[in-house]
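Reviewing the structure listed below.
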Amino acid sequence: MSYVNDADFNPYAAPKAAPGGYGSATQAPVEYAGFWVRFVALVIDGLIVFVINFVVGFSIQLLGAAAKLDPAIGALVSSLLSIVIQICYYPLMVSSEKQASYGKIMMGLKVTDLAGRRISFGRALGREFAKILSAIIFMIGYIMAAFTERKQALHDMIAGTLVVKAR
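Taking my numbering, the leading residue of the sequence shown gets 284, the next gets one more, and so forth.
What follows is the structure, given as structure tokens:
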């Protein structure tokens, strides 16, 4: 049967039925990560970042002492590197293929945009800076994740991200 001669044929219309007997693809429902599982992931990440900062800071102090530098210079360099590590750890991790920091990986979570796609480093960095707003007034921005429909904290809403259970 030729559709070209059909009076109802429109080459630009969506197909009336899936060809070949295939059903339409349905997307599995998204399971948002709750407050407590996110909190545990944050604690794990905090410990990881602490250990990294401790090792880096201790190494710089040892190198500074060996080079007979003023300890204040070593402390300044350690502090600056600590800030860089803190700022870069989360964005690098959540914008990677894993879409999660090590804490989130251990808890079976990942960060996505609102459509479920991986986020860019720029969006992840913006999300990281938005965490300052989440923390600024008694951590209310973080606590919001317990009460919002999609379990979003303030920084997730600002960055347009979701934390979901990874499959």
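Backbone N, C-alpha and C fix where the C-beta goes; we use that ideal spot for every residue, glycine too.
Quick one: using the 10 Å Cβ neighbour count with 16 as the cut-off for buried, is residue i buried or exposed?
{"i": "Leu408", "result": "buried"}
{"i": "Val313", "result": "exposed"}
{"i": "Leu375", "result": "exposed"}
{"i": "Leu397", "result": "exposed"}
{"i": "Lys393", "result": "buried"}
{"i": "Lys414", "result": "buried"}
{"i": "Asp328", "result": "buried"}
Mapping DSSP to helix, strand and coil, what is residue i?
{"i": "Asp353", "result": "coil"}
{"i": "Val339", "result": "helix"}
{"i": "Val377", "result": "helix"}
{"i": "Val313", "result": "coil"}
{"i": "Phe322", "result": "helix"}
{"i": "Ile426", "result": "helix"}
Is residue i a contact residue of the ligand SAM, with contact defined as CB to any heavy atom under 7 Å?
{"i": "Ala442", "result": "Questions concerning the ligand SAM fall outside what the structure shown contains, since it holds no ligand whatsoever."}
What are the partner residues of residue i, as DSSP defines its beta bridges?
{"i": "Thr444", "result": "Asp396"}
Legend entry - Inter-stretch contact at 8 Å, needing at least 3 Cβ pairs: the stretch 424-438 / the stretch 315-322: yes
Legend entry - Three-pair Cβ contact test at 8 Å for the stretch 357-373 versus the stretch 321-338: yes
Legend entry - Length at least 4, wholly inside the stretch 360-418: the alpha helix (DSSP H) runs in chain order: 385-389
Inset, instruction - Report yes or no: do three or more beta-carbon pairs, one from the stretch 341-359 and one from the stretch 414-424, lie closer than 8 Å? - result: When Cβ pairs closer than 8 Å are counted between the two stretches, the stretch 341-359 is seen not to touch the stretch 414-424, the count staying below three.
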